[in-house]
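Working notes, structure below.
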Amino acid sequence: MSISTTTAQRTRPGGLGQQRQRSQRIAFAAKGQNVVLGLCGLATLAVVVQFLAPLGIVRAQDLPPTTVILGQLASLLADPLLWQAIYDTVYVWALGLLIATAAGAILGLLIGSSERARNALGSTIEFLRPIPSVALIPLVVLLFGPAYESALILVIYASFWQVLIQTIYGVIDVDPVVADTARSYRFTRIGIIRHVVLPTALPFIMTGFRLASSVALVLTVTAQMMIGTPGIGQAITTAESAGNTPKMYALVLVTGFLGVLVNILARYIEKRLLSWHMSFRKEVEL
Amino acid sequence: MAHVLQERSRTLKIIKKLLYVFTVPVILFIFWWFLSANNTSPYFPSLQSILAAFPETWFKGGLSSRIVVDGFASIGRLTTGYVLAALVAIALGAAIGLNTKVRAFCEPTLELFRAIPGPVLVPIISLFMGIGDSMKIAVVLLGCLWPILLNTIEGVRSVDSVMVDTAKSYRFTSFGTILRVVIPGASPQIFAGLRQGLSVGIILMVISEMFAATNGLGFSIIQFQRNFALPEMWTGIIVLGLLGLAASQVLQLVEGRTLAWYQGMRDSARNS
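First to last, the protein sequences are chains A and B. Quick note on UniProt numbering: the first sequence kicks off at 1 and runs consecutively. Quick note on UniProt numbering: the second sequence kicks off at 1 and runs consecutively.
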């Protein structure tokens, strides 16, 4: 596919630049149109929510109109307590994700590169991985109470497996011929990992990282809601038990924005680290 | 002679495989058993006492035992919510994914909904539905929906357009095209969504039961913890782990059956 396009382009060297410029312009226009359509979608949602309560379809105390929620959000944004809650949430999320990613990637590289280790540990990993991390809630409550360590343990447990499994898959994906070639050129063990295994496994590790980053946020908020570690989740349960629904919805929106930011950040990191990789280069060429 | 040798090497292979599967778990079990045997920390009771508490806690009382009452309550909520979410997400995903304009219109809104962490749905949905079974099913449904939906949209988008055109020129109806070409073509991606959705679903089932319930596995565990019944609490953690394991095995089985063609295609592409 890519070969045929390059030969086609090579035969008409004069038209190439113009052609690319034009296709870029078309792509840009389509992207602009998509952004407008997407904003229309969000606006539609806002309008629908605005009129649900006044039309009597839901009770205003269950789902307040959009303007009320956004007004509450605006006043929350001026409140330092909200920023403290956001800081607490992001702190646990980032620390947990960092530890889980480092541990998952290193152990994954080690386990993945030895077939024996893979066979011996496979059943244990398959058994431990699906254990829902929320099952550990009662245990961490007893051990740490509503301290941030409770949340941290849940976050690490949930995200670790995502990274570990993907890393192992990535190492298995290494082309044996390339690995053998490196060996016959007397690459050291570490050299093979650094120059052969890691580049192949990195896209997989990044997929694991992306999945783990959203799972980590879910578990952070869960711990805050169920255990009461400080953060946005705890603020939501407080607002709920105080019967302050607009504030609850505003805080839920904040978690949503945080989630979107987390997704964008994970994709950005993935793109930066894998800019040399085929799957991303192709996108750039278009 | 050759036949006998072949037979023997096959038996050896099976034995080797069994050794690989069981060695590490058995070692871990032994370690846990002996390390916890003289444990004085109340939070980590000995494995012996956990196992001793197991039958008493979960199997006593026949049909009114915990494993039947709470287990079925939890599994029922999880399955209902998850299956509904899968059906809705695949149908909606096919509809949205096939039309570029509709996709552009919906995508930012869907991304926002997906980004909202599932557990915050529990207080919102209990406003509308109270704290009964329907609340828990709705929480599971709405939590699982987004990963499956967005993966379906992505999968449908990447289905080879030549195949869709071919189906059209063979006069498939548009419903037939979706059912026989688009959804099977998107199924590897759909299963990725189903896997993500399942782990979210189990988390939400447990949390909604911990939040407010009168039965279910999440409720039992939190009850044990509040009563400081620690060996019992540990048995609950083990039961939840087994449930997670069983659910992922069932999904893997379905995936293996449904995606056999895809695995075969990938293997042959790799070997060629």
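For every residue, glycine included, the Cβ atom is placed at its ideal position computed from N, Cα and C. Since the model is a prediction, treat every value here as computed from it, not as a measurement.
Rounded C-alpha distance that separates residue i from residue j
i: W261(B); j: V250(B); result: 19 Å
i: D173(A); j: L110(A); result: 14 Å
i: residue 294(B); j: I165(A); result: Residue 294(B) is absent from the model: chain B starts at 1 and stops at 272.
i: S141(A); j: A250(A); result: Correcting the residue identity first, residue 141(A) is Val in this sequence and not Ser. For V141(A) and A250(A), the distance between alpha carbons rounds to 28 Å.
i: T57(B); j: L19(B); result: 32 Å
i: G81(B); j: L28(B); result: 35 Å
i: G122(A); j: A105(A); result: 16 Å
i: S4(A); j: G118(B); result: Because S4(A) carries a pLDDT of 42, less than 50, the predicted location of this residue cannot be relied on, and no value is offered for it.
i: A272(A); j: A29(A); result: Contrary to the premise, residue 272(A) reads as Arg rather than Ala in this sequence. C-alpha separation (whole angstroms): 25 Å.
i: V260(A); j: S214(A); result: 9 Å
i: G233(A); j: M226(A); result: 8 Å
i: L274(A); j: F209(A); result: 13 Å
i: P54(A); j: N215(B); result: 37 Å
i: I237(B); j: L51(B); result: 12 Å
i: V48(A); j: V221(A); result: 27 Å
i: A91(B); j: T152(B); result: 9 Å
i: A85(B); j: G143(B); result: 8 Å
i: K31(A); j: Q24(A); result: 10 Å
i: P146(A); j: D88(A); result: 13 Å
i: I183(B); j: V83(B); result: 16 Å
i: R267(A); j: G170(A); result: 18 Å
i: L242(B); j: R103(B); result: 39 Å
i: R10(B); j: E115(A); result: 19 Å
i: K282(A); j: S268(B); result: Summary for K282(A): the model assigns pLDDT 46, below 50, so the residue's position carries little reliability, and this model does not support an answer.
i: L128(A); j: F22(B); result: 14 Å
i: T237(A); j: K13(B); result: 55 Å
i: E285(A); j: S199(B); result: Residue placement at E285(A) cannot be trusted, given a pLDDT of 38 that sits under 50; what the coordinates show is reported in the next sentence. Those two C-alpha atoms are separated by around 36 Å.
Residue range of the unbroken alpha helix (DSSP H) whose run includes residue i
i: A85(A); result: 80-113
i: G170(A); result: 148-172
i: V120(B); result: Unbroken run through V120(B): none, as it is neither H nor E.
i: K136(B); result: 133-157
i: R226(B); result: 217-226
i: A266(A); result: 245-273
i: V177(A); result: 176-184
i: F211(B); result: 183-211
i: K168(B); result: 161-169
i: R189(A); result: 189-192
i: W276(A); result: Segment: none, W276(A) is in no alpha helix (DSSP H) and carries neither H nor E.
i: I75(B); result: 66-98
Contact belief for residue i with residue j at Cβ below 8 Å, rounded distance in angstroms
i: V164(B); j: T177(B); result: 6 Å
i: L37(A); j: F224(B); result: Not confirmed; about 51 Å, so no contact.
i: I202(B); j: A167(B); result: In fact, because the Cβ distance is near 37 Å, the residues do not count as touching under 8 Å.
i: Q162(A); j: A212(A); result: 4 Å
i: L70(A); j: L76(A); result: L70(A) to L76(A), Cβ: 10 Å. No contact.
i: Y148(A); j: T229(A); result: 5 Å
i: L39(A); j: V92(A); result: Incorrect: roughly 32 Å between the Cβ atoms, too far for contact.
i: P188(B); j: L259(B); result: 6 Å
i: A85(A); j: A239(A); result: Wrong, their Cβ atoms sit about 11 Å apart, outside the cutoff.
i: S74(B); j: L217(B); result: 4 Å
Chain C residues whose Cβ lies nearer than 7 Å to that of residue i
i: G259(A); result: Structure shown: chain C not included; protein chains present are A and B.
Cβ pair residue i, residue j closer than 7 Å
i: V155(A); j: L219(A); result: yes
i: A212(B); j: I131(B); result: yes
i: S65(B); j: F72(B); result: no
i: T100(B); j: L45(A); result: no
i: T167(A); j: I205(A); result: yes
i: A115(B); j: G256(A); result: yes
i: V139(B); j: L121(B); result: yes
i: A89(B); j: L149(B); result: yes
i: G197(B); j: P231(B); result: no
i: L52(A); j: L42(A); result: no
i: S46(B); j: K136(B); result: no
i: V68(A); j: P203(A); result: no
i: V24(B); j: A120(A); result: yes
i: I192(A); j: A182(A); result: yes
i: P132(A); j: G244(B); result: yes
i: V254(A); j: L217(A); result: no
i: L143(A); j: Y43(B); result: yes
i: F54(B); j: T235(B); result: yes
i: S150(A); j: A223(A); result: yes
i: L240(B); j: A135(A); result: yes
Going along the segment 106-134 of chain A in order, which residues come within less than 7 Å of chain B, judged by CB to CB distance?
Close to chain B, meaning a Cβ-Cβ distance shorter than 7 Å, are the following residues of the segment 106-134 of chain A: N119, A120, L121, S123, T124, F127, P130, I131, P132, V134.
Along the segment 242-255 of chain B, what residues have a CB closer than 9 Å to any CB found in chain A?
Within the segment 242-255 of chain B, the residues whose Cβ lies closer than 9 Å to some Cβ of chain A are L242, L243, G244, L245, A246, A247, S248, Q249, listed in chain order.
May I ask you to list, following chain order, the residues of the segment 202-222 of chain A that have a beta carbon less than 9 Å from some beta carbon of chain B?
Those would be L211, S214, V215, L217, V218, L219, T220, V221, T222, in chain order.
Give the residues from the segment 25-42 of chain A that approach chain B closer than 9 Å (Cβ to any Cβ), ordered along the chain.
For the segment 25-42 of chain A, which is checked against every Cβ of chain B, the residues closer than 9 Å are A30, Q33, N34, V35, V36, L37, G38, L39, C40, G41, L42.
Short-range partners of chain A found in the segment 38-53 of chain B, where Cβ spacing is below 7 Å:
Going along the segment 38-53 of chain B in chain order, one finds Y43 with a Cβ nearer than 7 Å to chain A.
Anything in the segment 233-248 of chain A with a Cβ closer than 8 Å to a Cβ of chain B? List those residues in chain order, please.
Hits within the stretch, in order: G233, I236, T237, E240, T245, M248.
Mind listing which residues of the segment 86-120 of chain B have their C-beta closer than 7 Å to chain A's C-betas, in chain order?
For the segment 86-120 of chain B, residues whose beta-carbon sits nearer than 7 Å to a beta-carbon of chain A comprise K101, A104, F105, C106, E107, P108, T109, E111, L112, A115, I116, P117, G118, P119, V120.
Report the residues of the segment 217-238 of chain B with a CB closer than 9 Å to any CB of chain A, ordered along the chain.
Interface annotation for the segment 217-238 of chain B against chain A: L217, G218, I221, I222, F224, Q225, R226, F228, L230, M233, W234, G236, I237, I238, criterion Cβ-Cβ distance under 9 Å.
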